[in-house]
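Numbering of the sequence shown is given in the working numbering, commencing with residue -12 and proceeding in unit increments.
Every residue, glycine too, gets a C-beta built ideally from N, C-alpha and C.
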Amino acid sequence: MDSPINISTLSAVEDILLRNPSYAATFVIGGHVNGLTEWKTKDGRSLKEIENSEDN
């Protein structure tokens, strides 16, 4: 089976589905991080902020 990652360019060559935002952030950064606080919009809002604002 071919790898979904091109090692020479460190890019995904196919879609990779990860179970939650923290797994995705860890995959990208290469270490443990909280995806709810690390993923941000262009205007700087975190995923956690967006989720909290939708609950209210």
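Rounded distance between the beta-carbons of residue j and residue i, thought under 8 Å
i         : j        : result
valine 20 : serine 9 : 7 Å
For residue i, the first and last residue of its enclosing alpha helix (DSSP H)
i             : result
proline -9    : Neither: proline -9 is in no alpha helix (DSSP H) and is coded neither H nor E.
alanine 22    : According to the sequence displayed, residue 22 carries glycine and not alanine. Note, glycine 22: alpha helix (DSSP H), 22 to 25.
isoleucine 16 : 8 to 16
Nonlocal neighbours in the same chain, by C-beta distance under 7 Å from residue i, ignoring five residues either side
i                : result
phenylalanine 14 : Leu5
Close beta carbons around residue i, own chain, < 6 Å, minus the five adjacent residues each side
i             : result
leucine 23    : Pro8, Leu34, Lys35
tryptophan 26 : Pro8, Leu34
Residue closest to residue i, alpha-carbon to alpha-carbon, out of the options
i             : options               : result
isoleucine 16 : Ser(-2), Arg32, Gly31 : Ser(-2)
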